[in-house]
Structures are given as C-alpha cells and as structure tokens.
Amino acid sequence: MGIIEFAKSPWGQDVPIHIFFYLIYVAVIAGLTFFIGHVIWLRYFAKKEEFADSTPPGEVAKLPAEIKRHSLPARLFHWVQAGAMLTLLFSAFLPKVGVRFEWLQWHWIAGVVLTVSIVFHIIHASFFMNFWSIWPDKIDIEDAGRRWKRSQGEKAPAPRRFGKYPMENKMYHLAIVLAGLSVTLTGFFMLFRIRTPLFTRNSYMFGDMTNGLMYTLHGLAGVGLIALIMIHVYFALRPEKLKISRSMVYGTIKREHYAEHHDPKRWVAEAE
Amino acid sequence: MAVIRDVMPAFELFQPATIDDALNLLDKHGSEAWVMAGGLDSFDWLKDRIKRPSVVVDLSQIKELTGVKEWNGGIEIGAMTTLTDVVRNPIVKEKFSILATGAESAASPQIRNQGTIGGNVSQDTRCWYYRSGWKCYRAGGNTCFADTPTAINREHAIMGASRCVAVNPSDSAPALIALDAKMVIRNKSGERVVDAENYFIGPALDIRRMTVLLPGDLLVAIRIPSTWAGAKFYFEKVRDRPVWDFPLVNIAAAMKVNGDNIESIRMAVNGVAAHPVRLTAVEASLVGKPRNAASADAAGQLAIQGAEPLRHNGYKVPLLRNLVKRAIRGVEEAKWA
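Residue numbers (this note's numbering), protein chains in the order written: chain A, 61 to 332; chain B, 2 to 338.
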C-alpha cells in the first residue's frame, strides 16, 4: 500500500499509472476529522473575534442596507462550477467504491463544463472584477500572525478588518485553484485518450511516464478535492457563516455584517 | 511478460460439494476467491501467473449444478453442465437447437467435454495484451494497448468500446440472448435472475469485468423459457480456423414467421463488442416485414450503424452486415439450424 501505483511499461520501465484508490477514504476521513477538530476548536479554544477598528454607527447608517458581494455572473460561475465539480467527483469515485454506472461520459462532459467555466472565471476575474481581492496580501499575512499570537496568549495588536474576503477564504481559493487547475489541465490531455466528439483520439500524445504522472496528479488533486469540498460545504452551512453563504445566492450581505468585519478602505461598499 | 509454467502456483483449493458451501466460501473470501468451472479459462490465468488468487473454489464437485431439466415448459441448465451435455441433450436439440449449434461451435470436442455452459458465458476476454499481463485498463492500468495505431487488433471490437476494445469470446452467449434466457445468480443474500442480454457488461459500466457477477456471486443455472421453442433459428460463427478457434464474429437469431412476414425476431451477435450485442434496432425494423432481400439488406445496414473499426478489424463491418443478412434470408437454408 502506498500513494502511487506503479506498473511495467511495454519497455520494461516502472511507470506510475494512478493513485491507490483507498486514498478516497483517506480524503473523506480527513474531511470528517477536520469537521470534528474545528468544532472542538470553536467550542473550547477559540477566542471571540476582535478587530482593531470599527465603523462608527453614524457611518454604518449611511451604508446601503444590502452590500453587493457577488455579481450575477460570479454567482452563476460558482454554481456551475459546483455542479460540474460534484458531478466529476461522484462520477470518478462512486465506481471505485462499487457503484456501477456508465460514468465516463458524465465525467468528461462535466470536465468540459468545468474547464469552460474556469476559462470564463479567469477572464471575468481578470478584467471585470478586482483581481487581487482574492489573493492574500501583506495585511492578511500580518493579521494572520497577530491572530495566531493572540490565540496563543501572546501580546499582539488586534488584527484589522478584512478586505472583501477573509484570509481563510483566500487560502481556500488558493487551494481550489491549485487542485482545480491540476485536475483540469491533466483532464484536458486525458480527453485525447478517450473517444469524444471533441478531438481525434491520440493515445501517443505523451509517453508512458508522462501519461502515468498525469493520471497520478489527476487522482491526487481529485481526492484532495473531496476533502476540500467537504470543508467548503461544512463552512457554508455553519450558522455563523450563513450570512456570507446567502450572498452566493442573493449576491449581497447585510451592512451590519459588512461594517463589523470588513474594512471600507480595503473593500468599498456598493449597493446591489 | 507472460511465461507459461507447467507448475500451478500456490493457492488454497476448495472443492465444495453443495451450492451453499460454495456460497459460504465465496462470501468468506470475497474478491480473493477465484471461481473455477471447467478450468479452461482459469488454468491459463493461473499458470501464466497473471491472476494470482489466494483461494480457488472449484465447482466441479457440486452435483446440483449439473444437468438439464424441464422448467415451466422451457428448460433449466445447471451452470456446470458441460457443453457436450448441452449439445447432446434431446430437449435442447428438439426445442432450442440454436443453443446446441452455438455450444457445439465452441472450441474442440475435448474442450467441450470439460468446458461448462456457465464457464463459457462467464469467461474472460481473449485480448492477448490483457492476457499477457500488460497493465491495460482492464487490468487496472491506464492504457489500452490494443487501441493504438500500431496495435495488433484484428480480433477486437468495432462497437461499444470505452477505453478497452476487447471482445467477448463466448459462442453460447448470443444463442442464449436470442432465446431470451435468464441467468440465475445466487449469493449469500439470496437469488436474482438477470436476462441474458443484461448478464454481459461492457467497459463503460465496469472495465474490470465481463459480466454482472460480483465477488460472492455464483451463476447457478440458465433458464430458457418456452417462448422461442421450435422457432426458426440461425447460428453462424466465423473464425479463422474452422476446426477450433474463438469467433471473429458469430450471430444467433430466433425468428417467428407468419406466411412470408416476420412476426417477431431476436438477434444477437458476439465478437464485435466487449459484450454480446442484442440487435434491438434491427429486430424492431424487421417486425411485420417480409423476409426478403430488401428487408435483409436494410437490416444489415442498420446493424453496422455506429461501428468504429480499429486499424486492422475493418473487415468485421461487412462481415457483421452480411451475417445479419444471412440470418434473415438464410434461415431455411442454414443446414445446421
């Protein structure tokens, strides 16, 4: 038992062929362990959220009641991506745990939908949104250090309010970008190895080693996404996060939430 | 890769005397257990060391699994009944001669004496890349070595491929599908009955298996209803060596006619896909039609719709088309039906 399964190529070389599929269960257990750990952390160790500054009540009253957080195209992208991702995960891993169905067609079509939606998102985020708002910046890193020190009982200034996205959102996005691009790019080339109406099948595009590494990366990122998506759904459904989660449906957050958690200088409030 | 050795590898051998004992063993050992019927498929795998089960459950001592008996006007054939016994059975010969013809076309007399009907329908594919031990898709890898531009794939699939292009080699399978046979499967949880056409599965559904049988399952019998007893039958097998070979393509058809018109028909082919293919579209197109050259030509064309030959097996397309035509026009003349 290991992480990667190897086989002999026709030339006698040991080449990777894919991951060991027990890693599916490892990912699920990792996700569940995270839930339990996080609940214990919140219940027994977490301190109340504190910020260095706040918006005066008079200023809060001047804000729109509903602050725009996600545009319609961004929300549509999120839900299309969610549908495609769940279809990909279920079609990839259910057959591995004994559920029989013709999974490959579902899988590659969902993969194409995901790829198109990611291309759309990159263009949309680069040219029509504030591209840098989702990436960790210097303030985020400093404030993460402050939070850590304060959680350990050390003296440190209170962290500042967030920009548009809290640090954990940004880190999650980074993890999804890495895992998502890994499965998408490898999946794109794997499409050439099966029969689809999109491309002429070409099983000789890469050598055995490159193919094996691609299958392996595809699998590793895939099982990683199982845990990541479990964690995402867990946070989206946590009571204290529902105010943010609803913005992925309705597009907005309440001004009180905005004023308490977000720095107007780092994220300028707009009405829907 | 594959080296044939004379000596069997080590495994734990069980020879249960009853179905219940066999089911207990299969339940206990799960996917570690190898079910052996006549041994003609199994011994290759085991001696070549390509499959290395730790437990072999030999069914040869289970008397309940052998014999042909009448069942609801039709027959029930024990899964361990030899092909020779199927061929020689008077009821099979009288009512379901297509099965006798199909079973008799399998392999050689010696092999038919040892090989069983259950083994014949449950055997693995003969793709030599797979059987030589290459880690192909079917063996758990990520490549079909038979589906590359330089592959030797003269015997492989022209339809129903999904990554793997291996074909099912059974000669009795299309006959059983044409007869609307029912496969009786038992495991520790109970019994289920599966239509013959659904017993065989392709790589799209499960690339590691040829049938619906899962670890713990045992094919115990094949029931043939009386529906097609005495119908007009046609079976033809095309192979490289008429004396003894796997099919390149075989076809089985059961037909009821009313005057010159086809009242109903069931038709199945094997050797063209990873599983025997029932030609439902062809059947539907023929019902109510006269049994003439025009109907046969149209049916032949319909049968090859969607065929995607590989580099070396394009010949299977006209072969399939012509076998369908012959199955419709040649029923009266087919000397062996």
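Even for Gly, the Cβ is constructed at its ideal location relative to N, Cα and C.
Of the residues Pro155(A), Phe150(A) and Val176(A), the one whose Cα lies closest to the Cα of Leu206(B) is Pro155(A). The Cβ-Cβ distance between Val273(B) and Gly161(B) falls below 9 Å. Here the C-alpha atom of Phe44(B) lies approximately 26 Å from the C-alpha atom of Ala197(B).
A residue is called buried once 16 or more other Cβ atoms fall within 10 Å of its Cβ, and Thr312(A) is buried on that count.
Within its own chain, the residues whose Cβ lies closer than 7 Å to the Cβ of Asn114(B), once the five positions on either side in sequence are excluded, are Thr83 and Thr85, listed in chain order. Burial is judged here by how many other beta carbons sit within 10 angstroms of a residue's own beta carbon; Gly171(A) has at least 16 and is buried. Counting only runs of 4+ residues, the alpha helix (DSSP H) found wholly inside the segment 49-117 of chain B occupies 84-89, 91-96, 98-105 and 110-115, in chain order. For Ala205(B), the chain A residues whose C-beta falls within less than 7 Å of its own C-beta are Glu162 and Leu164, listed in chain order. For a Cβ distance threshold of 8 Å, nothing in chain B lies close to Lys156(A): the least Cβ distance comes to about 11 Å. Spatial neighbours of Trp46(B) in its own chain (CB-CB distance under 7 Å, excluding positions within 5 residues in sequence) are listed in chain order as Lys52.
In this structure Pro54(B) is buried. Its beta-carbon is surrounded by 16 or more other beta-carbon atoms within 10 angstroms.
Gly191(B) is bridged by DSSP to Asn188(B). DSSP places Glu309(B) in the coil class of the three-state scheme, outside both helix and strand. Those residues of the segment 117-140 of chain B placed with their C-beta closer than 8 Å to a C-beta in chain A are Trp135 and Lys136, ordered along the chain. Contact between Ile178(A) and Thr244(A) holds, since their C-beta atoms are separated by about 6 Å, short of 8 Å. The beta carbons of Val122(B) and Ser173(B) sit closer together than 9 Å. Burial state of Ser109(B) is exposed, judged by a 10 Å Cβ sphere holding fewer than 16 other Cβ atoms. Taking a C-beta cut-off of 8 Å against chain B, the contacting residues of the segment 71-85 of chain A are Ile77 and His78, listed in chain order. In this structure, Met184(B) lies near Val195(B), with their beta-carbon atoms less than 9 Å apart. Taking 9 Å as the cut-off, the beta carbon of Ser296(B) is found no closer than this to the beta carbon of Ile252(B).
Taking 8 Å as the cut-off between beta carbons, the residues of the segment 150-181 of chain B near chain A are Pro150, Ala162, Ser163 and Arg164, in sequence order. Within a 10 Å sphere around the beta-carbon of Leu241(A) sit fewer than 16 other beta-carbons, which makes this residue exposed.
Beta-bridge partners of Glu65(A) (DSSP): His78(A).
Taken residue by residue, none of the segment 6-29 of chain B has a beta-carbon sitting less than 8 Å from a beta-carbon on chain A. Nearest CB-CB separation between Gly142(B) and chain A: below the 9 Å threshold. Ranking Thr151(B), Ala269(B), Asp49(B) and Ile78(B) by CA distance to the CA of Pro226(B) puts Ile78(B) first.
Asn143(B) carries a coil assignment under DSSP once its states are collapsed to helix, strand and coil.
Annotation: the continuous alpha helix (DSSP H) that includes Leu324(B) extends over Lys317 to Arg330. The DSSP assignment places 302-305, 307-310 and 315-321 as complete runs of the alpha helix (DSSP H) inside the segment 285-321 of chain A, in order along the chain (cut-off: 4 residues). No residue range can be given for Glu214(A), since it is assigned to no alpha helix (DSSP H) and is classified by DSSP as neither H nor E. A residue is called buried once 16 or more other Cβ atoms fall within 10 Å of its Cβ, and Glu105(B) is buried on that count.
Along the segment 280-308 of chain A, there is no position whose C-beta sits under 7 Å from a C-beta of chain B. Contact annotation: Arg322(B) and Ala304(B) have beta-carbon atoms nearer than 9 Å. Separation of the CB atoms of Thr117(B) and Ala147(B) is rounded to 28 Å, and the pair is thereby denied contact status at 8 Å. Note on the segment 95-161 of chain A: whole alpha helix (DSSP H) runs with a minimum of 4 residues are 117-122 and 132-153, in chain order. Here Asn229(A) carries a helix assignment [DSSP, helix/strand/coil].
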